[in-house]
Each structure stands twice: as structure tokens, then as C-alpha cells.
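The next block holds one structure in the form of C-alpha cells; read it before the comments.
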Amino acid sequence: EIGSFTKEQLAAGINLAPMATPMLRQAQIVHTLTQMRANLRNARWRDLQVPNAKEKAAQPLLPAVLKDLDTAADDLTKAQRSAAQPRSHRFVLVPKP
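When we follow my numbering, the leftmost residue of the sequence shown carries the number 532, and every step to the right adds one.
See below:
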């Protein structure tokens, strides 16, 4: 249930944006995936790429590690795009007894 509304409210129109709708849940999933991807990209750059750019011992391993992180970020991008696709929703108005 999203809410209970009077006939006057229904006649005037209901703004679903601030309510706990399926669209809100979808947006929260997209937001979580966006945060995960941003955190991954930031960690890649801040914790690996920059600190190890001139570290000779890291050079043999660094490209493969960065590539793996890029692949993970690409997977998150695909998940974001999939989660952000429009979904159809059906709302039913039920009169209160």
C-alpha cells in the first residue's frame, strides 16, 4: 500500500514522488550501484594507480590489477543501466469499506 487518499485528494492528483513507491525502490538500487562504482573508481585511482605509478616492484602486477578493477567497474555500469531501465507498474485504487 502506498497510501490512503480522499476522493478530493484523488481528484486533485497525487504526487507519488515523495512516497515509498516501486519507483523509489528502483532509484535506490541505481543509487547504490552508482555509489559502488564511484567508490571502486576512487579506490583504483587513489589507492593503487597513483601511489604505485613509480613503484618499480608494483609495475609487473599493476596493469592486470587495474584491468580487473576496470572490468568490475564496467560490470557495475551495466548493472546500473539495467536497473535504470523504465519499468511498468500497476496501481489499483481500492475503496475503503
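All residues carry an ideal CB built from backbone N, CA and C; glycine is no exception. As the structure is a computational prediction, the values presented were derived from the model and not from experiment.
Start-to-end residues for the alpha helix (DSSP H) that takes in residue i
i, result
"M554", "553–574"
"T602", "593–614"
"A542", "538–543"
C-alpha distance - residue i paired with residue j, whole-angstrom precision
i, j, result
"Q580", "T608", "20 Å"
"P617", "T537", "29 Å"
"P626", "N546", "19 Å"
"N573", "K587", "22 Å"
Assumed close pair residue i, residue j - CB separation to whole angstroms, cut-off 8 Å
i, j, result
"L571", "L593", "About 16 Å separates the two Cβ atoms, so there is no contact after all."
"M550", "G534", "6 Å"
"Q611", "R556", "So it is not a contact: roughly 15 Å between Cβ atoms."
C-beta contact flag for residue i and residue j at 8 Å
i, j, result
"I560", "A604", "no"
"R575", "L541", "no"
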